[in-house]
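Chemist:
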Amino acid sequence: MSTVTTEKGTHRRAEKFAEQVRRDNYRRAAYVDQDGCLVFHSEETYARYVESTGKRPGEVNAIWVDEQGFRNRHGDFQLRPEVEKELDEIREEPHVPADDVWRELQAMGVRS
Numbered sequence: 001m002s003t004v005t006t007e008k009g010t011h012r013r014a015e016k017f018a019e020q021v022r023r024d025n026y027r028r029a030a031y032v033d034q035d036g037c038l039v040f041h042s043e044e045t046y047a048r049y050v051e052s053t054g055k056r057p058g059e060v061n062a063i064w065v066d067e068q069g070f071r072n073r074h075g076d077f078q079l080r081p082e083v084e085k086e087l088d089e090i091r092e093e094p095h096v097p098a099d100d101v102w103r104e105l106q107a108m109g110v111r112s
């Protein structure tokens, strides 16, 4: 097994090699279109590829085509910490069972 030194040339070669390995692993699952974009046939394979690069989806020149033929890409959107906290609090709130709501609606005269 070879080692990677911190020399710029060696590091660049290692990055290129890693990218080639990733592309080889996904060769059957994707193709490169006329614009040089890596096009996947399934969202799952696309997601695994993006995750393997260690980059955000907007930084990777890759998409997937869904069953309707639309070209898709995951977004880079991330929730602000305060919104994420608010959503976590909402998830922890107790929920009223649907049967209880239905009984209350029936008591108010609502019929199906």
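Residue numbers for the sequence shown follow the working numbering, beginning at 1 and rising by one. Virtual Cβ for every residue (Gly too), placed ideally from N, Cα, C. None of the values given here were measured: they were computed from a predicted structure.
Compare the Cα-Cα distances from K55 to each of E44, F70, R12, H74 and report the closest residue.
Modeler: H74
Chemist: Put V65 into one of helix, strand or coil per three-state DSSP.
Modeler: strand
Chemist: Do you know offhand how far P81's Cα is from D88's?
Modeler: 10 Å
Chemist: Near Q78, which residues of its chain fall below 6 Å by C-beta distance, leaving aside the five closest residues on each side in sequence?
Modeler: none
Chemist: With a cut-off of 8 Å on the beta carbons, I'd call G58 and D76 a contact; round off their distance for me.
Modeler: 4 Å
Chemist: Can V65 and V96 be called in contact, C-beta distance under 8 Å?
Modeler: no
Chemist: Pull up the DSSP beta-bridge partners for F40, would you.
Modeler: A30, W64
Chemist: Of the choices V50, A98, G36, whose alpha-carbon is the least far from that of V60?
Modeler: V50
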